[in-house]
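Here's the structure, in structure tokens; my notes come after.
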Amino acid sequence: MGVSALLATIFLPLAGSLAVMLIERSQVKAIKVTTLVMTVITFLVSLLLLPGFDRTSTAMQFTINSQWIPALDAGFRIGIDGTSLLLVLLTTFMMPIAILASWDSITKQTKEYYALMLMLQFGMTGVFAALDTFLFYVFWEVILIPMYFIIGIWGGKDRIYAAVKFFLYTLAGSLLMLVAIIWLGLYGVEAGVGFTADLMKLRMIAPAIPMDVQFWLFMAFALAFFIKVPLFPFHTWLPDAHVQAPTAGSVILAAVLLKMGTYGLIRFNLELFPQTSAELAGPISVLAVIGIIYGALVAMVQTDIKKLVAYSSVSHLGFVVLGIFSITVEGVQGAVIQMVNHGLSTGMLFLCVGVLYERRHTREIGDYGGITNVMPRFAVMFAIAMFASVGLPGLNGFVGEFFTLIGAFRSPFLNNWAYAIISASGVIFAAVYLLWMFQRVMFGTNNNPENHHLRDLRTIEYWQLVPLVIFIVWLGIAPRTFMDLSEKSVQAAVGKVEFYKFSRPSQQP
Amino acid sequence: MNYAALIPLFPLIGFLIVGLFGKRINSEKLVGTIASSAILMSFITAVATFMGLLGMPAEERSFTSTLYSWMAAGSFNVNIAYQFDQLSILFTLIITGIGFLIHVYSVGYMHGDKSFSRFFAYLNLFVFMMLNLVLADNFLLTFLGWEGVGLASYLLIGFWYDRKFDGSHITWTGDAAKKAFIVNRIGDFGVLAAMFMLFNQFGTLEYAQINKLAPAVWGVGDTAVTIITLLLFLGCTGKSAQIPLGVWLPDAMAGPTPVSALIHAATMVTSGIFLIARTNVLFALSPTTMAVVAGIGITTALFAGFVGLVQNDIKKVLAYSTVSQLGFMFTALGVGAFTAGVFHVMTHAFFKALLFLGSGSVIHGMHEEQDIQKMGGLKKYMPITYRTFLIGTLAISGIPFLSGFFSKDEILWFAFLNGSPVLWGVGVAAAFTTAFYMWRLTSLTFDGEERFDHHHVHPHESPKTMTIPLIVLAVLSVFGGLLGVPHVLGHPLHIPNLLEHWLEPIFAVGTTYLPKHTGDHTTLEFLLMGISTVVAISAIFLARSIYSKGTERAAGIAAKFGGIYKLLWNKYWVDEVYNGAFVAPILAASRDVLWKIVDVVVIDGIINGSARAVGASAGVLRRMQTGVAQNYALIMMVGIVAFIGMVLWPLLR
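Going down the list, the protein sequences come from chains A and B. Heads up: the first sequence begins at 140 in our numbering, then just goes up one per residue. Heads up: the second sequence begins at 23 in our numbering, then just goes up one per residue.
Set out below in structure tokens:
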């Protein structure tokens, strides 16, 4: 059942996309309903992955391994471990919410929009399930196109600049990755299995690659992922893309797309190149720490709410990268759960900003004030999203931050307290920029006449937010429901790096 | 699992019911009853648990109730588990007992507020979080409560989110709420860092384990334990409003008065004392930290006491008084008199809750007026409030045999015995300010001529839901001290020091690492006690002679000491200094350097620059694509010639 569920999870959105394309353009309602139904079904189907999933196993599960391009040994190879399972579920969970968020706000070219959204989902799920470098690359690039159009067509005033910047930035990184994929495949020849794109074979082969080559391969992959994360200083596409993208675009971008970068860092960098990962853990973590503080400080002085949230993502994803390159079970587990958490809480923040934007068509903090007076229900939701993002214990954000920090603190690879201690000061700044924004937008008196008659949350908006609240609380008070899924996979990945670093004599003289 | 684990559960249920359905219930009576009875049920359960503990032999009075595994990854595992022992049950009784009274009081105080149910939801949430803080069997769960009470405090300070509030550089209640949360977060950073170090050392965050293992790992004065305890103490200075993080508490008075009584006087602000008491073994291992705690405590006690002398807002005086009293408690902890510190937590909870609720009753009766210069002569309008307030004032001033007398004198005595005469002297000076500003407050509010506008203000006594809690608290303020009668007084009369006896097992291990001071000091102790009593009484008479007739004499004195008055009136300009030294530079650097230069000019400049460079070079190169076949042929020829030349060149040489 698991295998078919995985296949269905990947391909249902594609089928949905095709179905939407076949619907008459004028049948807007039918298009929307089809999309929503498809995403909901996909979510339900993806839940079927859970009962058959063996959380005590470190192996890839529900695998399919079939030929695609025999000459390159590229195949349709898919399968998931705990880490990918969580991200697949995050994707399928967020999609219906994003569709609901688009329901009334997307008014032009609805058919293309929903077809592209479903296409996007196809690509994202594929990325998380691919066990073949070529297949991964294909899915990776599949995402670029719908996202480019979603920003470029349905975006704000400067949408073209933002879309092109997003496209070129990401493309530059992914081309490097393509080179690395080919170069890496060639080492299969040396190892006697011939050119290969099989990730499982490559896992055996890669650690034996000479260290100087490994370094370049590592860097090529890493750069592609750093841009996607985005890690400081590769982050400048993000604020523009977020500000210009329509609400649902921002939600998916923040919730899922950025996680492709951090996921890649685990799946490729950490798992393929254990020695180089150990070697470069320090410098990369320095960038992560800079990103945490820098993102928070810059977020603090933004006057545009969406930009503020975008910079907060730079800060929050710094924690993820720090956790990954602490190369401890605590740290990487924290990073994995932080990916999910950031998806939920930042996704929710973007939804909230969208609610405001739809009413007032401005994102300037200064245009608001005293909104709680007219939108009390919204205020509660916004506050929950904010405190989740602040990292309040009892809500989801705290769990990820705490584990990444404790991982970084104890890491034998970083071997320095400073990483965790400096990053921990990021929790202070997170409170500053979010509370300050909230205070200026929601508290005080409602003086601006344009804000006097804003409507409180409509039912459709309310029900986008409620599921998020449930999981935000659930992850905060019982994170083991989710973290136990990825524990074994993470242990295996970390164990491998530890093995190469500490148990085996170094290959280099 | 034990039924005791229900203690924190009741307020949670109350919070959920009132929070989710409060608007729909739409009945003040029902909402108030649900919220209050949730706390009452906790209190009753706590009393039962206390009785249970009482029935056990002293050494066995501790049990843990584990609910489930909360956070786990790798070697890290922390449970949701509650620990019931002498210390936690004492705090639980204070929290739920006083909490219940304040809930009842709030039913009257908040009557008619449009967000009545929201208020009670927050109040229940606060009690739930506070119980987690004190009942936790590990640091992480305490931290959940620690930040949780910060959240509740934030929500309640900003409860009237659309109201103005005149604070230090603050115009809205929301500003005050934000300030409180952020300043506390700076302290929380310390607790977080300390947790990392403790887990790294011991592989666990459970108090029992750490308290047991720490002495084996660290000797007295070890650097590691000093760093850890200093970090923990940073958290305490945030939550308990000590120097340097005390700036938020006076502004926290923006919240409704019951909140000031419950959170910002009786319970939450004593979390810092609780944390040190809970980890007393660690603190006892570091003489440096202990000295810092005592030093900060006594300095805060004195400095805040001075500021209290000149404030005119009834709640602000009480706020500075709270800061000052918390300073006394830290002094006690710092000199190793843990029991005395906890004792003062208890008595202070009684009389400070009483005073705050009394001030709320005054504000209520005066139609939201808080300026004591515009009050006076209120005793004939609100007799119950006046009498109970007077009792509170006498108790906090240290008048013999009221609760504050016992606890404060215990602290001063240990400051002398374990600390130094200087510490004692400063403490007595701080005690002088206490008695002075409290009597000033009482005189200006209740005595003298009526300075309010009779046309608009018609003072009246508050309803029963408000006055009954006042009476109960007044009784506790009078007799509460009898639980901890010092030996020097109790021994001849055969009155045992019940509290010390009760808490002894908690501090037994920690105390063994502290320096011992033995010997018979009965005469000295009586002498010091006499001095501090005389000081308190003379402060009262001085304040009375200045203020009982009104504010004129005080204005004259203020004019004579203009410089000092200005310094105190402006609270030593601490807020201004922080603003100038930290807030403004960080904001400016973030905006003008990090964002506008690093992000926009440097990084984006490089990115867009390289894009433009590609574009520009493509612009040049594309000129080669002329579309004229002859040109291509020509270039091809040049290329071939060059290629042949390249091949032949080595041969020709």
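The beta-carbon is built from N, C-alpha and C at its ideal position, and this holds for glycine as well.
Quick check on B:Asn222 - is its C-beta less than 8 Å from some C-beta in chain A?
Locating residue 222 of chain B in the second sequence gives position 200, where the first residue counts as 1. Answer yes: the Cβ-Cβ gap between B:Asn222 and chain A drops below 8 Å somewhere.
Check whether B:Phe142 and B:Ala57 have beta carbons under 8 Å apart:
Position 120 of the second sequence, counted from the start, is the residue given in the question as residue 142 of chain B. Position 35 of the second sequence, counted from the start, is the residue given in the question as residue 57 of chain B. Less than 8 Å separates the beta-carbon of B:Phe142 from that of B:Ala57.
Closest by C-alpha distance to A:Phe261, when choosing among A:Gly482, A:Thr231 and A:Pro152
What you label residue 261 of chain A is simply residue 122 of the first sequence in a count that begins at 1. Residue A:Pro152 is the option with its Cα nearest to A:Phe261.
I'd like the span of the beta strand (DSSP E) that includes B:Thr86, first residue to last.
For the purposes of this step, residue 86 of chain B is identified with residue 64 of the second sequence, where counting begins at 1. Unbroken beta strand (DSSP E) run through B:Thr86: Ser84 to Ala95.
Would you identify the three-state DSSP class for B:Ser612, choosing helix, strand or coil?
Sequence index remark: in the second sequence, residue 612 of chain B carries index 590 (1-based). It is helical.
Relative to the alpha-carbon of A:Ser156, which residue among A:Thr174, A:Gly565, A:Asn590 and A:Met514 has its alpha-carbon at the smallest distance?
One-based indexing of the first sequence puts residue 156 of chain A at position 17. Selected option, being the one with the closest Cα: A:Thr174.
Within the stretch 459-502 of chain A, ranges of the alpha helix (DSSP H) (whole runs, at least 4 residues)
468-499
Determine, using beta carbons only, whether A:Leu187 and A:Met263 come nearer to each other than 8 Å.
Here the question's residue 187 of chain A lines up with position 48 in the first sequence. Here the question's residue 263 of chain A lines up with position 124 in the first sequence. Going by C-beta atoms, A:Leu187 is not nearer than 8 Å to A:Met263.
Comparing C-alpha positions only, which one of B:Val507, B:Leu42, B:Val281 and B:Asn206 sits nearest to B:Pro266?
On the second sequence, position 244 is the one that residue 266 of chain B refers to. The residue with the shortest Cα to Cα distance from B:Pro266 is B:Asn206.
Simplified DSSP state of A:Gln603, which is helix, strand or coil:
In the first sequence, the residue the question calls residue 603 of chain A occupies position 464. Three-state result, A:Gln603: helix.
Listed in chain order, which residues of the stretch 244-262 of chain A have Cβ atoms closer than 8 Å to some Cβ of chain B?
Within the stretch 244-262 of chain A, no residue qualifies.
Please list, in chain order, the residues of the stretch 203-218 of chain B that have any C-beta partner in chain A closer than 7 Å.
Phe203, Ile204, Arg207, Ile208, Phe211, Leu214, Ala215 and Phe218
For A:Gly539, I'd like the list of residues in its chain whose CB is within less than 6 Å of its CB, leaving aside the five on either flank, ordered along the chain.
Residue mapping note: residue 539 of chain A aligns to position 400 of the first sequence, counting from 1. Same-chain partners within the cutoff: Gly473, Ile476, Gln477 and Asn480.
Just verifying my parser: in three-state terms, what is the DSSP assignment at A:Ala269?
In the first sequence, the residue the question calls residue 269 of chain A occupies position 130. If DSSP states are grouped into helix, strand and coil, A:Ala269 belongs with the strands.
Measure the C-alpha to C-alpha separation of A:Glu600 and A:Ser452 and round it to an integer number of angstroms.
If you number the first sequence from 1, residue 600 of chain A lands on position 461. If you number the first sequence from 1, residue 452 of chain A lands on position 313. Whole-angstrom Cα-Cα distance: 23 Å.
Are the C-beta atoms of B:Leu609 and some chain A residue less than 8 Å apart?
Position 587 of the second sequence, counted from the first residue, corresponds to residue 609 of chain B. Yes, contact with chain A.
How long is the line joining the alpha carbons of A:Thr230 and B:Thr534, rounded to whole angstroms?
Here residue 230 of chain A is taken as the residue at index 91 of the first sequence, counted from 1. Here residue 534 of chain B is taken as the residue at index 512 of the second sequence, counted from 1. Going by the C-alpha atoms only, they are around 57 Å apart.
Could you name the residues of the same chain whose beta carbon sits closer than 7 Å to that of A:Gly191, not counting the 5 residues immediately before and after it, in chain order?
One-based indexing of the first sequence puts residue 191 of chain A at position 52. These residues qualify, in order along the chain: Met140 and Gly141.
At what residue ranges does the stretch 174-220 of chain B contain a whole run of the beta strand (DSSP E), taking only runs of 3 or more?
As far as the stretch 174-220 of chain B is concerned, its whole beta strand (DSSP E) runs of at least 3 residues are 186-189 and 192-194.
Using a Cβ-Cβ distance cut-off of 8 Å, determine whether B:Met290 contacts chain A.
Taking the first residue of the second sequence as position 1, residue 290 of chain B is located at position 268. Taking Cβ atoms only, chain A never reaches closer than 8 Å to B:Met290, which makes this a no.
Pairs of beta-carbons, one from the stretch 151-159 of chain B and one from the stretch 105-118 of chain B, closer than 8 Å: are there three or more?
Flag = yes, the stretch 151-159 of chain B and the stretch 105-118 of chain B touch.
Please state if the CB of B:Leu253 and the CB of B:Gly294 are separated by a distance shorter than 8 Å.
By one-based count along the second sequence, residue 294 of chain B stands at place 272. By one-based count along the second sequence, residue 253 of chain B stands at place 231. No, Cβ-Cβ distance for B:Gly294 and B:Leu253 is not below 8 Å.
According to DSSP, is B:Gln223 part of a helix, a strand, or is it coil?
Stepping through the second sequence from its first residue, residue 223 of chain B is reached at position 201. Helix.
So A:Gly486 packs on A:Arg579, CB below 8 Å; how close in whole Å?
Residue mapping note: residue 486 of chain A aligns to position 347 of the first sequence, counting from 1. Residue mapping note: residue 579 of chain A aligns to position 440 of the first sequence, counting from 1. With 8 Å as the limit, A:Gly486 and A:Arg579 do not qualify as a contact, their Cβ atoms being about 22 Å apart.
Have a look at the DSSP bridge pairing and note the partners of B:Tyr600.
Position 578 of the second sequence, counted from the start, is the residue given in the question as residue 600 of chain B. Looking at the DSSP assignment, B:Tyr600 forms no beta bridge with any residue, so it has no partner.
How should A:Tyr450 be labelled, buried or exposed, when 16 other C-beta atoms within 10 angstroms of its C-beta is the threshold for buried?
Walking along the first sequence from the start, residue 450 of chain A turns up at place 311. Under this definition A:Tyr450 is a buried residue.
B:Arg300 at chain A interface by Cβ criterion, 8 Å:
Counting from 1 along the second sequence, the entry for residue 300 of chain B is found at position 278. Closer than 8 Å: no.
Answer with yes or no whether the minimum CB distance from A:Met622 to chain B is below 8 Å.
Position 483 of the first sequence, counted from the start, is the residue given in the question as residue 622 of chain A. Closer than 8 Å to some Cβ of chain B, the Cβ of A:Met622 qualifies, so yes.
Please name the residue, chosen from B:Leu412, B:Leu439, B:Leu331 and B:Pro481, that lies closest to B:Val384 on a Cα-to-Cα basis.
Translated into positions along the second sequence, residue 384 of chain B becomes position 362. That would be B:Pro481, whose Cα lies nearest to the Cα of B:Val384.
Looking only at its own chain, which residues have a Cβ that is under 6 Å from the Cβ of A:Gln646, when we skip the five neighbours before and after it?
Counted from its first residue, the first sequence places residue 646 of chain A at position 507. In this prediction, A:Gln646 has a pLDDT of 48, which is less than 50 and means its spatial position is unreliable; what the coordinates show is noted afterwards. So no residue of the chain qualifies.
Contact criterion: CB-CB distance below 8 Å. Does B:Ile625 meet it with respect to chain A?
Position 603 of the second sequence, counted from the first residue, corresponds to residue 625 of chain B. Judged by the 8 Å Cβ criterion, B:Ile625 is in contact with chain A.
Within-8 Å CB hit, A:Val605 to chain B
Counting from 1 along the first sequence, the entry for residue 605 of chain A is found at position 466. Answer no: the Cβ-Cβ gap between A:Val605 and chain B never drops below 8 Å.
So, using beta-carbon positions, are B:Ser110 and B:Leu147 closer together than 8 Å?
Looking up residue 110 of chain B in the second sequence gives position 88. Looking up residue 147 of chain B in the second sequence gives position 125. No, the Cβ-Cβ distance between B:Ser110 and B:Leu147 is not below 8 Å.
With DSSP as the reference, label A:Pro648 as helix, strand or coil.
As a first step, residue 648 of chain A must be located in the first sequence, where it is residue number 509. Any reading at A:Pro648 must be qualified, since the residue scores a pLDDT of 37, below 50, and its modelled position is unreliable; no value is offered.
Return no unless some Cβ of chain A is closer than 8 Å to the Cβ of B:Lys200.
Residue numbering aside, residue 200 of chain B sits at position 178 when the second sequence is read from its first letter. Yes - at least one Cβ of chain A is within 8 Å of the one on B:Lys200.
Span separating the alpha-carbon of A:Glu626 from that of A:Glu497
Position 487 of the first sequence, counting from 1, holds the residue named residue 626 of chain A. Position 358 of the first sequence, counting from 1, holds the residue named residue 497 of chain A. Spanning the two alpha carbons is a distance of roughly 41 Å.
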